[in-house]
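Asks: Everything in the sequence shown is counted per UniProt numbering, starting at 1 for the first residue and increasing by one.
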Amino acid sequence: MSGRPEHQAPPEIFYGEDEARKYTRNTRMMEIQLVMSERAVELLCLPENQPCHIIDLGCGSGLSGETLTEQGHTWTGIDISSAMLGVAKEREVEGDLLLGDLGQGLPFRAGAFDGAISISALQWLCNADQRSHHPAKRLYTFFSSLYSCLSRGSRAVFQFYPENSSQVELITSQAMKAGFTGGLVVDYPNSTKAKKFFLCLMTGGQQPLPAALGVDSREDAPNAVAFSRKRDRIKQLRSGKAPKKSRDWILEKKERRRRQGKETRDDSKFTGRKRPSHIW
Numbered sequence: 001m002s003g004r005p006e007h008q009a010p011p012e013i014f015y016g017e018d019e020a021r022k023y024t025r026n027t028r029m030m031e032i033q034l035v036m037s038e039r040a041v042e043l044l045c046l047p048e049n050q051p052c053h054i055i056d057l058g059c060g061s062g063l064s065g066e067t068l069t070e071q072g073h074t075w076t077g078i079d080i081s082s083a084m085l086g087v088a089k090e091r092e093v094e095g096d097l098l099l100g101d102l103g104q105g106l107p108f109r110a111g112a113f114d115g116a117i118s119i120s121a122l123q124w125l126c127n128a129d130q131r132s133h134h135p136a137k138r139l140y141t142f143f144s145s146l147y148s149c150l151s152r153g154s155r156a157v158f159q160f161y162p163e164n165s166s167q168v169e170l171i172t173s174q175a176m177k178a179g180f181t182g183g184l185v186v187d188y189p190n191s192t193k194a195k196k197f198f199l200c201l202m203t204g205g206q207q208p209l210p211a212a213l214g215v216d217s218r219e220d221a222p223n224a225v226a227f228s229r230k231r232d233r234i235k236q237l238r239s240g241k242a243p244k245k246s247r248d249w250i251l252e253k254k255e256r257r258r259r260q261g262k263e264t265r266d267d268s269k270f271t272g273r274k275r276p277s278h279i280w
C-alpha cells in the first residue's frame with residue numbers, strides 16, 4: 001500500500017480521533033504546519049495593517065488558522081473531518097468552523113472572503129473515494145465556488161503534495177477553467193526535504209507569480225526558517241507585543257474571545273504555564 005495518506009482511506013476516516021489528536025501532540029508536525037502556513041499567508045500578498053477575512057480550506061485542527069489570527073485577520077475554516085474540527089474547538093481557535101466536503105462546493109455568498117489558504121489538503125480532491133466521485137468534476141465544482149466567494153483581486157494559496165506531474169496538470173487545468181490565473185511556486189526546488197509546492201491562484205487577471213524561495217540562494221533552508229522565526233520573535237519583543245504562547249499572549253487571546261462573546265475558560269495561576277512533555 002502507498003505511504004500517501006490519501007491512498008489509505010477517505011479523509012473523514014483517515015483523520016479520525018487518533019490522527020486528529022496526533023496533530024496537537026507532535027511538535028515536529030506542528031512546526032512544519034506553522035512554517036507552511038506563514039509562507040502561504042505571505043504569498044497571499046494581503047494589504048499591510050488591514051484586517052482581512054480569510055477562508056481556511058481543509059482547516060483541520062486550526063493550526064493554520066492560528067497564523068491568521070496572530071496576524072490580525074479573521075477566518076472561517078471548513079474541513080470534512082468532524083474529529084479534526086472537534087480538536088479545533090477544544091483548542092479554542094478563534095475562527096468560525098464548518099463541516100463540509102470541498103468537492104461539493106463552498107456554501108458562501110459572492111465576494112465573502114479577501115483570500116484563501118489551504119495546507120496539505122488539495123491533493124485529496126484528486127481521489128475517487130466513492131463511485132460518484134469524478135476528480136475533475138469535483139475539482140471544477142470546488143474551484144468555481146471558491147472563485148465566486150472571493151473578492152475580486154484577491155488570491156488563493158494552496159500548499160499541497162502532488163503525486164506526479166499529471167496530478168498538477170489536472171488541478172491547474174480545472175482551476176484555470178473556473179476563471180483563475182496564476183500557477184505553481186516551488187520553494188527550495190533543489191532540496192529533497194525543504195521542497196514545497198504552492199499553487200498561487202489569482203482572481204484579478206494575469207499577474208506575475210511571487211518569487212520562489214531558495215532558487216538563487218545557497219543557504220540551508222531549515223537554517224533560513226529558524227533565522228526568520230527568531231527575527232520575527234525579536235521584532236515582537238521590540239514592538240511591545242507579548243511573545244507567542246507567553247502568559248500575556250494567552251491572556252490577550254482569551255480576552256479577545258470574551259469580547260467576541262465566545263465561550264472561554266477561566267483564567268488561573270496555571271494559565272500559560274509550560275507543561276511537562278509526554279511520551280505517547
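Virtual Cβ for every residue (Gly too), placed ideally from N, Cα, C.
Is the Cβ-Cβ distance between Cys149 and Leu201 less than 8 Å?
Replies: Contact: no.
Asks: Which first and last residues belong to the alpha helix (DSSP H) in which Cys149 is found?
Replies: Its alpha helix (DSSP H) spans residues 135-149.
Asks: Which residue marks the beginning of the beta strand (DSSP E) containing Gly183, and which one marks its end?
Replies: First-last of the beta strand (DSSP E) with Gly183: 181-187.
Asks: For the beta strand (DSSP E) containing Thr76, name the first residue and the last one.
Replies: Here the beta strand (DSSP E) through Thr76 covers 74-79.
Asks: Between Ile250 and Arg91, what straight-line distance do the alpha-carbon atoms span, to the nearest angstrom?
Replies: Each residue's alpha carbon lies about 12 Å from the other.
Asks: If you drop the 5 nearest sequence neighbours on each side, which residues of the same chain put their C-beta closer than 8 Å to that of residue 284?
Replies: Nothing can be reported for residue 284: it is not among the residues displayed for the chain, which extend from 1 to 280.
Asks: Between Gly179 and the rest of its own chain, which residues show a CB-CB distance below 6 Å, the 5 nearest in sequence each way excluded?
Replies: Excluding residues within five positions, the ones whose Cβ falls inside 6 Å are Tyr147.
Asks: Cα separation between Arg265 and Glu255?
Replies: Computed Cα separation, rounded: 10 Å.
Asks: Within 10 angstroms of the Cβ of Glu48, are there 16 or more other Cβ atoms? Answer buried if so, exposed if not.
Replies: Classification for Glu48: exposed.
Asks: In angstroms, rounded to a whole number, what distance separates the CA positions of Gln159 and Lys262?
Replies: Rounded to whole angstroms, Gln159 to Lys262 spans 30 Å at the Cα level.
Asks: Hey, how far is the Cα of Trp75 from the Cα of Ala40?
Replies: Cα to Cα, Trp75 sits roughly 14 Å from Ala40.
Asks: Just how far apart, CA to CA, sit Ala226 and Thr27?
Replies: For Ala226, the pLDDT reaches just 44, beneath the cut-off of 50, and the residue's location in the model is therefore unreliable, although a value from the coordinates is still provided. Distance between the alpha carbons of Ala226 and Thr27: 15 Å.
Asks: Would Ile78 and Leu68 qualify as a contact pair, given that the criterion is a beta-carbon distance under 8 Å?
Replies: No, these two residues do not count as a Cβ contact at 8 Å.
Asks: The alpha helix (DSSP H) that contains Ala83, what's its start and end?
Replies: 82-90 is the extent of the alpha helix (DSSP H) around Ala83.
Asks: Following the continuous beta strand (DSSP E) through Ala116, name the residue where it begins and the one where it ends.
Replies: Here the beta strand (DSSP E) through Ala116 covers 113-119.
Asks: Counting only the same chain and skipping the five closest in sequence on each side, list residues whose C-beta sits under 6 Å from that of Leu44.
Replies: Answer for Leu44: Gly115, Arg155, Val157, listed in chain order.
Asks: Determine the contact status of residue 281 and Ala175, defining contact as a CB-CB distance below 8 Å.
Replies: No statement about residue 281 is possible, as the shown extent of the chain runs from 1 to 280 and does not include it.
Asks: Just verifying my parser: in three-state terms, what is the DSSP assignment at Gly153?
Replies: The answer is strand: DSSP assigns Gly153 an E or B state.
Asks: Suppose the cutoff is 6 Å on Cβ atoms and the five residues either side in sequence are ignored; what does the same chain contact list for His73 look like?
Replies: Pro51, Cys52, Ile54.
Asks: On the DSSP letters alone, give me the boundaries of the beta strand (DSSP E) that Asp56 sits inside.
Replies: Note, Asp56: beta strand (DSSP E), 53-57.
Asks: Is it buried or exposed for Gly182, if we count other Cβ within 10 angstroms and need 16 for buried?
Replies: Under this definition Gly182 is a buried residue.
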